[in-house]
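Adding 527 to a residue's 1-based position in the sequence shown gives its number in the numbering used here.
By construction, the Cβ of each residue, glycine as well, lies at the ideal position given by its N, Cα and C atoms.
Please read all numbers here as calculations on a predicted model, not as lab measurements.
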Amino acid sequence: MNGQLCCYDCGRTYGIDDRSRCSCGEPLWIETDPSDFEWPDAEWSRGMWRYADVLPVSEPSGVPPGTTPLVRADRLDEYAGCSLSLKHEGQNPTGSFKDRGSAVGVSYAARAGYEWVGTVSHGNMALSTSAYAANAGLECAVFVPADTPAERLELIARHDPHLFRVEGDYGQLYHETLALEADVAFVNSDTPFRVAGQKTVAYEILEQCSPETPDAIALPVSSGGQASAVWKALRELNRAGLVDDVPRLYLVQAAACDPVATAYREGCASVSPVTAGDTIAVSIANSDPPSGTRALAAARDTGGAVVSVPDAEIRDAMDRLSTTVGVSVEPSSAVAIAGIRTLSQSGAIEPDDDVVAILTGSGYKERYETDVRSRTIDLDGLERELGAIVG
(Lines of atoms letter the chains of each structure in order from A and count residues from 1; the text may use other names and numbers.)
(Lines give C-alpha, C1' and ligand atoms only; values in the text may rest on other atoms or scores of the structure.)
Protein backbone atom coordinates (compact mmCIF):
# COMPACT_ATOMS: atom_id res chain seq x y z
CA MET A 1 0.00 0.00 0.00
CA ASN A 2 1.38 3.38 -1.01
CA GLY A 3 1.15 6.60 0.95
CA GLN A 4 2.60 8.07 4.08
CA LEU A 5 1.57 9.47 7.43
CA CYS A 6 1.98 13.14 8.21
CA CYS A 7 1.84 15.28 11.35
CA TYR A 8 -0.51 18.23 10.87
CA ASP A 9 1.53 20.25 13.37
CA CYS A 10 5.25 19.78 12.74
CA GLY A 11 5.04 18.26 9.26
CA ARG A 12 7.12 15.13 9.93
CA THR A 13 6.27 12.15 7.74
CA TYR A 14 6.39 8.39 8.35
CA GLY A 15 5.67 5.16 6.53
CA ILE A 16 2.02 4.18 6.22
CA ASP A 17 2.19 1.53 8.97
CA ASP A 18 4.97 2.91 11.16
CA ARG A 19 3.03 4.48 14.02
CA SER A 20 -0.13 6.41 14.97
CA ARG A 21 1.49 9.40 16.68
CA CYS A 22 4.32 11.72 15.75
CA SER A 23 7.53 11.98 17.77
CA CYS A 24 6.34 15.48 18.72
CA GLY A 25 3.40 13.84 20.49
CA GLU A 26 0.62 14.87 18.14
CA PRO A 27 -1.55 12.40 16.16
CA LEU A 28 -0.83 11.54 12.53
CA TRP A 29 -3.11 11.36 9.55
CA ILE A 30 -2.71 9.90 6.07
CA GLU A 31 -1.36 12.38 3.55
CA THR A 32 -3.71 12.74 0.60
CA ASP A 33 -3.21 14.52 -2.72
CA PRO A 34 -6.68 15.78 -3.72
CA SER A 35 -5.49 17.99 -6.59
CA ASP A 36 -7.19 15.87 -9.27
CA PHE A 37 -10.30 15.04 -7.23
CA GLU A 38 -13.71 15.95 -8.67
CA TRP A 39 -17.19 15.14 -7.44
CA PRO A 40 -17.63 11.51 -8.56
CA ASP A 41 -20.08 10.07 -11.06
CA ALA A 42 -20.30 6.87 -9.03
CA GLU A 43 -23.70 5.77 -7.72
CA TRP A 44 -24.73 7.05 -4.31
CA SER A 45 -25.52 3.43 -3.44
CA ARG A 46 -21.76 2.91 -3.04
CA GLY A 47 -21.94 5.04 0.08
CA MET A 48 -18.63 6.49 1.26
CA TRP A 49 -16.77 4.45 -1.36
CA ARG A 50 -17.85 7.08 -3.89
CA TYR A 51 -14.76 8.85 -2.59
CA ALA A 52 -12.36 5.94 -3.12
CA ASP A 53 -9.96 8.25 -4.99
CA VAL A 54 -9.10 9.99 -1.69
CA LEU A 55 -9.19 6.88 0.53
CA PRO A 56 -6.25 4.61 1.37
CA VAL A 57 -8.12 1.36 0.64
CA SER A 58 -10.51 0.21 -2.07
CA GLU A 59 -14.10 -0.85 -1.55
CA PRO A 60 -14.57 -4.08 0.42
CA SER A 61 -17.60 -6.35 0.40
CA GLY A 62 -20.52 -5.79 2.74
CA VAL A 63 -23.05 -3.04 3.35
CA PRO A 64 -21.30 0.28 2.70
CA PRO A 65 -21.56 3.06 5.28
CA GLY A 66 -22.28 6.59 4.19
CA THR A 67 -24.87 8.28 1.99
CA THR A 68 -26.73 9.33 5.11
CA PRO A 69 -29.45 11.95 4.64
CA LEU A 70 -28.85 15.67 4.90
CA VAL A 71 -32.22 17.27 5.60
CA ARG A 72 -33.45 20.78 6.28
CA ALA A 73 -34.97 21.09 9.74
CA ASP A 74 -36.85 24.35 9.25
CA ARG A 75 -39.15 23.59 12.21
CA LEU A 76 -36.07 23.86 14.43
CA ASP A 77 -34.77 27.09 12.92
CA GLU A 78 -36.26 29.34 15.60
CA TYR A 79 -34.99 27.07 18.37
CA ALA A 80 -31.51 26.81 16.88
CA GLY A 81 -31.34 30.47 15.85
CA CYS A 82 -30.23 29.76 12.27
CA SER A 83 -31.10 27.93 9.06
CA LEU A 84 -30.51 24.39 10.30
CA SER A 85 -29.83 21.16 8.41
CA LEU A 86 -29.22 17.75 9.97
CA LYS A 87 -26.67 15.17 8.80
CA HIS A 88 -28.17 12.01 10.26
CA GLU A 89 -25.25 9.62 10.84
CA GLY A 90 -27.47 7.37 12.94
CA GLN A 91 -28.62 5.80 9.66
CA ASN A 92 -25.28 4.08 9.10
CA PRO A 93 -25.37 0.24 9.35
CA THR A 94 -24.63 0.02 13.09
CA GLY A 95 -26.35 3.30 13.93
CA SER A 96 -23.45 5.75 14.20
CA PHE A 97 -20.79 7.76 12.42
CA LYS A 98 -18.14 5.29 13.59
CA ASP A 99 -18.92 2.96 10.67
CA ARG A 100 -17.02 5.17 8.23
CA GLY A 101 -13.77 4.82 10.14
CA SER A 102 -14.31 1.16 10.93
CA ALA A 103 -14.86 0.33 7.26
CA VAL A 104 -11.49 1.80 6.29
CA GLY A 105 -9.54 0.67 9.36
CA VAL A 106 -10.76 -2.93 9.31
CA SER A 107 -10.41 -3.18 5.52
CA TYR A 108 -6.80 -2.03 5.76
CA ALA A 109 -6.08 -4.55 8.53
CA ALA A 110 -7.50 -7.42 6.48
CA ARG A 111 -5.54 -6.49 3.37
CA ALA A 112 -2.34 -5.98 5.34
CA GLY A 113 -2.57 -9.55 6.58
CA TYR A 114 -3.75 -9.00 10.14
CA GLU A 115 -5.95 -11.68 11.68
CA TRP A 116 -6.98 -9.48 14.62
CA VAL A 117 -8.29 -5.95 15.01
CA GLY A 118 -8.94 -4.16 18.27
CA THR A 119 -10.42 -1.01 19.71
CA VAL A 120 -10.87 0.86 22.98
CA SER A 121 -14.48 1.94 23.39
CA HIS A 122 -17.57 1.53 25.55
CA GLY A 123 -20.14 2.39 22.90
CA ASN A 124 -20.54 3.10 19.20
CA MET A 125 -16.95 2.40 18.17
CA ALA A 126 -16.90 -0.97 19.94
CA LEU A 127 -20.12 -2.00 18.25
CA SER A 128 -18.98 -0.73 14.85
CA THR A 129 -15.48 -2.22 14.90
CA SER A 130 -16.76 -5.63 15.97
CA ALA A 131 -19.39 -5.59 13.21
CA TYR A 132 -16.91 -4.75 10.46
CA ALA A 133 -14.43 -7.28 11.83
CA ALA A 134 -17.14 -9.96 11.58
CA ASN A 135 -17.80 -8.96 7.97
CA ALA A 136 -14.07 -9.17 7.16
CA GLY A 137 -13.63 -12.53 8.89
CA LEU A 138 -11.24 -11.11 11.50
CA GLU A 139 -11.08 -11.70 15.23
CA CYS A 140 -11.85 -8.58 17.27
CA ALA A 141 -10.68 -7.51 20.72
CA VAL A 142 -12.76 -4.83 22.42
CA PHE A 143 -11.63 -3.12 25.63
CA VAL A 144 -14.36 -1.40 27.64
CA PRO A 145 -14.44 0.16 31.12
CA ALA A 146 -15.25 -2.31 33.88
CA ASP A 147 -18.46 -0.43 34.74
CA THR A 148 -19.92 -0.45 31.21
CA PRO A 149 -23.73 -1.01 31.49
CA ALA A 150 -24.99 -4.48 30.67
CA GLU A 151 -27.25 -3.21 27.87
CA ARG A 152 -24.23 -1.80 26.05
CA LEU A 153 -22.29 -5.02 26.44
CA GLU A 154 -25.24 -6.94 25.01
CA LEU A 155 -25.23 -4.75 21.89
CA ILE A 156 -21.51 -5.15 21.33
CA ALA A 157 -21.62 -8.89 22.01
CA ARG A 158 -23.98 -9.50 19.08
CA HIS A 159 -20.96 -9.57 16.76
CA ASP A 160 -19.08 -11.99 19.05
CA PRO A 161 -15.89 -10.01 19.75
CA HIS A 162 -13.50 -10.83 22.57
CA LEU A 163 -14.72 -8.44 25.27
CA PHE A 164 -12.38 -7.24 28.00
CA ARG A 165 -13.72 -5.16 30.88
CA VAL A 166 -10.80 -3.09 32.11
CA GLU A 167 -10.32 -1.88 35.66
CA GLY A 168 -8.04 1.07 36.39
CA ASP A 169 -7.28 4.19 34.33
CA TYR A 170 -9.42 3.71 31.24
CA GLY A 171 -8.05 6.90 29.62
CA GLN A 172 -4.54 5.44 29.63
CA LEU A 173 -5.77 2.34 27.81
CA TYR A 174 -5.79 4.20 24.47
CA HIS A 175 -2.02 4.70 24.66
CA GLU A 176 -1.32 1.29 26.15
CA THR A 177 -3.02 -0.56 23.30
CA LEU A 178 -1.18 1.39 20.61
CA ALA A 179 2.11 0.53 22.31
CA LEU A 180 1.41 -3.22 22.44
CA GLU A 181 3.64 -5.48 20.38
CA ALA A 182 0.81 -7.96 19.81
CA ASP A 183 -0.12 -8.65 16.18
CA VAL A 184 -3.37 -6.69 16.47
CA ALA A 185 -4.36 -3.70 14.31
CA PHE A 186 -5.91 -1.23 16.72
CA VAL A 187 -8.51 1.05 15.15
CA ASN A 188 -8.87 3.50 18.01
CA SER A 189 -10.72 6.81 18.03
CA ASP A 190 -8.24 8.94 16.09
CA THR A 191 -5.85 6.49 14.47
CA PRO A 192 -4.95 7.42 10.86
CA PHE A 193 -7.10 4.88 9.03
CA ARG A 194 -10.13 5.67 11.17
CA VAL A 195 -9.73 9.40 10.50
CA ALA A 196 -9.39 8.63 6.77
CA GLY A 197 -12.82 7.01 6.78
CA GLN A 198 -14.44 9.56 9.06
CA LYS A 199 -13.55 12.44 6.72
CA THR A 200 -16.08 11.20 4.17
CA VAL A 201 -18.94 12.68 6.20
CA ALA A 202 -17.67 16.15 5.27
CA TYR A 203 -17.23 15.13 1.64
CA GLU A 204 -20.88 14.05 1.61
CA ILE A 205 -22.12 17.21 3.31
CA LEU A 206 -20.33 19.47 0.87
CA GLU A 207 -21.44 17.44 -2.16
CA GLN A 208 -25.03 17.30 -0.94
CA CYS A 209 -24.99 21.08 -0.45
CA SER A 210 -23.24 21.81 -3.77
CA PRO A 211 -23.12 24.29 -5.45
CA GLU A 212 -23.74 26.14 -2.19
CA THR A 213 -21.47 25.83 0.85
CA PRO A 214 -22.83 25.90 4.41
CA ASP A 215 -21.59 28.71 6.61
CA ALA A 216 -20.81 26.35 9.45
CA ILE A 217 -20.69 22.71 10.54
CA ALA A 218 -21.31 21.80 14.18
CA LEU A 219 -20.46 18.48 15.79
CA PRO A 220 -19.81 16.91 19.18
CA VAL A 221 -16.17 16.40 20.16
CA SER A 222 -14.71 13.68 22.37
CA SER A 223 -11.30 12.29 21.36
CA GLY A 224 -11.03 14.89 18.62
CA GLY A 225 -10.85 12.26 15.87
CA GLN A 226 -14.08 13.22 14.11
CA ALA A 227 -13.30 16.94 14.31
CA SER A 228 -9.85 16.23 12.87
CA ALA A 229 -11.40 14.21 10.04
CA VAL A 230 -13.88 16.94 9.09
CA TRP A 231 -11.09 19.53 9.15
CA LYS A 232 -8.92 17.31 6.96
CA ALA A 233 -11.73 16.91 4.42
CA LEU A 234 -12.31 20.66 4.25
CA ARG A 235 -8.61 21.25 3.66
CA GLU A 236 -8.57 18.66 0.87
CA LEU A 237 -11.69 20.01 -0.83
CA ASN A 238 -10.28 23.51 -0.64
CA ARG A 239 -7.04 22.34 -2.28
CA ALA A 240 -9.08 20.60 -4.98
CA GLY A 241 -10.84 23.88 -5.75
CA LEU A 242 -14.26 22.48 -4.87
CA VAL A 243 -14.74 24.62 -1.75
CA ASP A 244 -13.62 28.24 -1.74
CA ASP A 245 -15.17 29.44 1.49
CA VAL A 246 -14.41 26.79 4.10
CA PRO A 247 -17.27 26.41 6.63
CA ARG A 248 -16.57 27.40 10.22
CA LEU A 249 -16.20 24.40 12.52
CA TYR A 250 -18.07 24.60 15.80
CA LEU A 251 -17.19 21.87 18.28
CA VAL A 252 -19.39 21.14 21.28
CA GLN A 253 -18.77 19.28 24.54
CA ALA A 254 -20.74 18.45 27.66
CA ALA A 255 -20.02 21.00 30.40
CA ALA A 256 -19.17 18.24 32.89
CA CYS A 257 -16.21 17.12 30.78
CA ASP A 258 -14.95 19.80 28.39
CA PRO A 259 -11.15 19.86 28.05
CA VAL A 260 -11.19 21.20 24.48
CA ALA A 261 -13.73 23.91 25.29
CA THR A 262 -11.73 24.86 28.38
CA ALA A 263 -8.55 25.28 26.32
CA TYR A 264 -10.46 27.39 23.79
CA ARG A 265 -12.00 29.64 26.46
CA GLU A 266 -8.66 30.16 28.16
CA GLY A 267 -6.77 30.85 24.94
CA CYS A 268 -4.43 27.89 25.42
CA ALA A 269 -2.28 26.55 22.59
CA SER A 270 -2.93 22.94 23.61
CA VAL A 271 -5.50 20.88 25.48
CA SER A 272 -4.80 19.63 28.99
CA PRO A 273 -6.64 16.88 30.90
CA VAL A 274 -9.56 17.81 33.14
CA THR A 275 -11.40 16.04 35.93
CA ALA A 276 -14.57 14.59 34.44
CA GLY A 277 -17.94 14.95 36.13
CA ASP A 278 -21.11 12.97 35.50
CA THR A 279 -23.02 13.68 32.29
CA ILE A 280 -25.73 12.02 30.24
CA ALA A 281 -23.44 12.48 27.21
CA VAL A 282 -21.20 9.69 28.49
CA SER A 283 -19.99 8.75 24.99
CA ILE A 284 -18.08 12.02 24.66
CA ALA A 285 -16.92 12.34 28.28
CA ASN A 286 -13.23 12.11 27.41
CA SER A 287 -11.17 13.97 30.00
CA ASP A 288 -7.85 13.59 28.14
CA PRO A 289 -8.65 13.57 24.39
CA PRO A 290 -5.76 12.22 22.28
CA SER A 291 -6.58 14.56 19.37
CA GLY A 292 -7.85 17.40 21.53
CA THR A 293 -5.19 19.87 20.42
CA ARG A 294 -5.75 18.98 16.76
CA ALA A 295 -9.49 19.58 17.22
CA LEU A 296 -8.72 22.92 18.86
CA ALA A 297 -6.56 23.83 15.86
CA ALA A 298 -9.41 22.87 13.52
CA ALA A 299 -11.87 25.24 15.18
CA ARG A 300 -9.40 28.12 15.19
CA ASP A 301 -8.17 27.55 11.64
CA THR A 302 -11.72 27.74 10.24
CA GLY A 303 -12.82 30.73 12.31
CA GLY A 304 -15.09 28.57 14.45
CA ALA A 305 -15.20 27.97 18.19
CA VAL A 306 -15.50 25.32 20.91
CA VAL A 307 -18.29 25.55 23.48
CA SER A 308 -19.77 23.33 26.18
CA VAL A 309 -23.37 22.87 27.29
CA PRO A 310 -24.97 21.55 30.52
CA ASP A 311 -27.01 18.37 30.70
CA ALA A 312 -30.31 20.23 31.01
CA GLU A 313 -29.74 21.84 27.61
CA ILE A 314 -28.65 18.52 26.11
CA ARG A 315 -31.89 16.89 27.30
CA ASP A 316 -33.93 19.77 25.91
CA ALA A 317 -32.23 19.44 22.53
CA MET A 318 -32.92 15.68 22.51
CA ASP A 319 -36.59 16.33 23.21
CA ARG A 320 -36.85 19.00 20.51
CA LEU A 321 -35.31 16.72 17.90
CA SER A 322 -37.66 13.87 18.83
CA THR A 323 -40.89 15.87 19.07
CA THR A 324 -40.30 18.50 16.37
CA VAL A 325 -38.56 16.66 13.52
CA GLY A 326 -39.06 13.03 14.57
CA VAL A 327 -35.37 12.20 14.95
CA SER A 328 -34.24 10.25 18.01
CA VAL A 329 -30.56 10.70 18.88
CA GLU A 330 -28.30 9.76 21.75
CA PRO A 331 -27.34 12.56 24.16
CA SER A 332 -23.90 12.95 22.63
CA SER A 333 -25.54 13.84 19.29
CA ALA A 334 -27.96 16.32 20.84
CA VAL A 335 -24.93 18.18 22.21
CA ALA A 336 -24.43 19.62 18.70
CA ILE A 337 -27.92 21.17 18.63
CA ALA A 338 -27.58 22.55 22.15
CA GLY A 339 -24.25 24.07 21.15
CA ILE A 340 -25.69 25.72 18.04
CA ARG A 341 -28.40 27.28 20.18
CA THR A 342 -25.77 28.61 22.61
CA LEU A 343 -23.68 30.01 19.77
CA SER A 344 -26.72 31.69 18.24
CA GLN A 345 -27.63 33.30 21.55
CA SER A 346 -24.10 34.68 21.84
CA GLY A 347 -24.18 36.09 18.30
CA ALA A 348 -21.43 33.82 16.94
CA ILE A 349 -24.04 32.20 14.66
CA GLU A 350 -26.47 34.58 12.96
CA PRO A 351 -30.12 33.90 12.00
CA ASP A 352 -29.39 33.75 8.28
CA ASP A 353 -26.40 31.39 8.63
CA ASP A 354 -26.76 27.98 6.99
CA VAL A 355 -25.55 25.51 9.61
CA VAL A 356 -25.20 21.72 9.35
CA ALA A 357 -25.34 19.72 12.58
CA ILE A 358 -23.77 16.27 12.47
CA LEU A 359 -25.97 13.91 14.49
CA THR A 360 -23.48 11.20 15.32
CA GLY A 361 -25.66 8.35 16.58
CA SER A 362 -29.14 6.92 16.81
CA GLY A 363 -31.12 7.19 20.03
CA TYR A 364 -32.85 3.85 19.58
CA LYS A 365 -30.03 1.67 20.86
CA GLU A 366 -30.15 2.40 24.57
CA ARG A 367 -32.59 3.25 27.34
CA TYR A 368 -32.98 6.86 28.46
CA GLU A 369 -35.30 8.38 30.99
CA THR A 370 -38.43 9.44 29.15
CA ASP A 371 -41.70 10.79 30.50
CA VAL A 372 -44.14 8.16 29.22
CA ARG A 373 -47.68 9.50 28.93
CA SER A 374 -50.33 6.78 28.57
CA ARG A 375 -53.78 5.79 29.73
CA THR A 376 -55.75 2.53 29.88
CA ILE A 377 -59.15 2.44 28.18
CA ASP A 378 -61.63 -0.27 27.19
CA LEU A 379 -62.61 -0.95 23.60
CA ASP A 380 -66.12 0.46 24.02
CA GLY A 381 -64.69 3.82 25.01
CA LEU A 382 -62.33 4.12 22.04
CA GLU A 383 -64.28 6.75 20.08
CA ARG A 384 -65.10 8.78 23.20
CA GLU A 385 -61.51 8.84 24.46
CA LEU A 386 -60.03 9.73 21.07
CA GLY A 387 -62.68 12.38 20.52
CA ALA A 388 -61.78 14.00 23.83
CA ILE A 389 -58.24 14.47 22.58
CA VAL A 390 -58.73 15.54 18.95
CA GLY A 391 -61.86 17.61 19.56
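- Looking from the CA of Ser-797, the closest CA among Gly-888, Ala-788, Asp-805, Arg-775 belongs to Ala-788.
- Take the alpha-carbon of Gly-617 and the one of Asp-742: they are about 23 Å apart.
- Ile-876 is not a Cβ neighbour of Ala-844, given a cutoff of 7 Å.
- In the structure shown, Asp-881 falls within a strand segment according to DSSP collapsed to helix, strand and coil.
- With contacts defined as CB atoms closer than 7 Å, Phe-670 and Val-647 qualify as a contacting pair.
- The three-state secondary structure of Ile-557, taken from DSSP, is strand.
- In the structure shown, the three-state DSSP call for Phe-720 is helix.
- The bridge partners DSSP lists for Cys-533 are Thr-540, Trp-556.
- Spanning the alpha carbons of Ser-818 and Ser-755 requires a straight line of approximately 7 Å.
- Secondary structure note for Lys-614: its beta strand (DSSP E) is the uninterrupted segment 610 to 615.
- Contact annotation: Trp-571 and Glu-586 have beta-carbon atoms that are not nearer than 7 Å.
- Of Val-779, Trp-758, Ala-600, Ser-810, the smallest CA-CA separation from Asp-828 is found for Trp-758.
- His-702: member of the alpha helix (DSSP H) spanning 697 to 706, first to last residue.
- The beta-bridge partner set that DSSP reports for Phe-713 consists of Gly-645.
- Asn-662 sits away from Lys-625, with the two beta carbons spaced by 7 Å or more.
- For the 7 Å CB-CB criterion, Pro-858 and Ile-841 form a contact.
- By a beta-carbon distance limit of 8 Å, Ile-744 does not contact Leu-764. Their separation comes to about 12 Å.
- Here Gly-866 has Ala-745, Tyr-777, Val-779, Val-834, Val-836 as same chain residues with Cβ atoms under 7 Å from its own Cβ, once five neighbours each way along the sequence are excluded.
- Selection Leu-733, Glu-553, Ser-623, Ala-824 evaluated against Tyr-891 yields Ser-623 as nearest (Cα-Cα).
- Runs of the alpha helix (DSSP H) lying entirely within the stretch 763 to 841, each at least 4 residues long, are 786 to 792, 819 to 828 in chain order.
- At a Cβ-Cβ threshold of 7 Å, Arg-627 and Thr-727 count as neighbours.
- Phe-670 is bridged by DSSP to Val-647, Phe-691.
- Annotation for Val-862: Pro-747, Val-779, Gln-780, Ala-781, Ala-808, Ile-811, Val-836, Ile-841, Ala-844 place their beta carbon closer than 8 Å to its own, counting only its chain and skipping 5 residues before and after.
- When C-alpha distances from Tyr-635 are compared across Asp-604, Glu-678, Ile-557, the shortest belongs to Ile-557.
- Buried is the label assigned to Gly-751, since at least 16 other Cβ atoms lie within 10 Å of its Cβ.
- Put simply, the backbone Cα of Arg-762 is about 16 Å away from that of Asp-580.
- For Arg-602, the three-state secondary structure derived from DSSP is helix.
- In this structure, the alpha-carbon of Asp-563 lies about 21 Å from that of Ile-543.
- Under the 10 Å beta carbon count, Pro-591 is surrounded by 16 or more other beta carbons and is classified as buried.
- With a threshold of 16 other beta carbon atoms within 10 Å, Ala-607 meets it and is buried.
- Nearest in C-alpha terms to Arg-546, of all of Tyr-791, Glu-708, Leu-613, Gly-794, is Glu-708.
- Look at Arg-685 here: in three-state DSSP terms it is coil, with no helix or strand label.
- Linking Glu-642 to Thr-887 through their CA atoms gives a straight-line distance of about 29 Å.
- The C-beta distance from Pro-786 to Ser-799 rounds to 7 Å, short enough to meet the 8 Å contact threshold.
- Closest in alpha carbon position to Ala-822, among Pro-596, Leu-555, Pro-738, Gly-632, is Leu-555.
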